[in-house]
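Participant: Before I ask anything, let me first share the structure, which is written out below as structure tokens.
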Amino acid sequence: MKWEILIENETDCCLIDEETLLEAAFLATLSHQQVTFFGELSITFVDHGMMQEINYKHRGKNSTTDVLSFPQYDADELKNFTKADFIAIGDIVINIEKAREQAAEYRHSARREIAFLVVHSTLHLLGYDHETLEDEKKMFAIQEEVLTQIGLSREVQQ
């Protein structure tokens, strides 16, 4: 078995070779977290307007954001799955316009920013959050480890 990653682009933006990047970021995160089950993930790229609509509909926030994660299971449920299981883990929605803006703001590549958003969202799908400072530090440390593992550390510009 293997993971299926379904990618949909709802924007006019051209996504060049993003599938390989998305897969690398997602699979590296799963490996880091020692996930043994398999399944499918949906990633959708949207623009500011679409993200604002989704954010308002699901979170009651009438503003755009960079990424949203929609897990299908909570962390306790995920612990019960084994390598014999094939599940739909959830959905990730990435605002490609916001990702490109943030890449420029943080002075790194759009590839790194998109990979960061995939790693960040995958951790949310696995039950992580950053509601407390302690949780935020833990989550962000994992993100940097995974990004370094796939060659996209803060020092690397691609």
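The opening residue of the sequence shown carries number 15 in my numbering; numbering runs sequentially from there.
No residue lacks a Cβ here, since even glycine has one placed at the ideal position from N, Cα and C.
Using the beta-carbon count (16 or more within 10 Å), is Gln172 buried or exposed?
Facilitator: Annotation note: pLDDT 46 at Gln172 (below 50); position unreliable, no value reported.
Participant: Can you tell me which of the three DSSP states Asp105 falls into?
Facilitator: strand
Participant: If you run the structure through DSSP and keep just helix, strand and coil, what is Glu24?
Facilitator: coil
Participant: Tell me which residue opens and which closes the alpha helix (DSSP H) that Thr96 is part of.
Facilitator: From DSSP, Thr96 is part of no alpha helix (DSSP H); its letter is neither H nor E.
Participant: Going along the chain, which residues of its own chain have a beta-carbon closer than 6 Å to the beta-carbon of Val170, five neighbours each way excluded?
Facilitator: Reliability fails at Val170, whose pLDDT of 46 lies under 50, so the model's placement of it is uncertain and the value that follows must be treated cautiously. Counting only Cβ-Cβ distances below 6 Å, and skipping sequence neighbours, we find nothing.
Participant: Looking at the secondary structure, which residues open and close the beta strand (DSSP E) in which Phe1 lies?
Facilitator: Outside the displayed span of the chain (15 to 172) sits residue 1, for which this structure offers no information.
Participant: Determine contact between the region 75-88 and the region 32-42, defined as no fewer than three beta-carbon pairs at a distance below 8 Å.
Facilitator: no
Participant: Is the separation between the beta-carbon of Ile21 and that of Ile57 shorter than 7 Å?
Facilitator: yes
Participant: Once the 5 residues before and after Leu177 are set aside, which same chain residues still bring their CB inside 8 Å of it?
Facilitator: In the structure displayed, the chain extends from 15 to 172; residue 177 sits before or after that span and is not available.
Participant: Taking DSSP as the reference, what is the three-state secondary structure of Glu159?
Facilitator: In the three-state DSSP reduction, Glu159 falls in the helix class (H, G or I).
Participant: Using only CA atoms, which one of Gln66, Met64, Gly165 lies nearest to Arg126?
Facilitator: Gly165
Participant: Between Leu139 and the rest of its own chain, which residues show a CB-CB distance below 6 Å, the 5 nearest in sequence each way excluded?
Facilitator: The residues are Ser83, Pro85, Ile103, Gly104.
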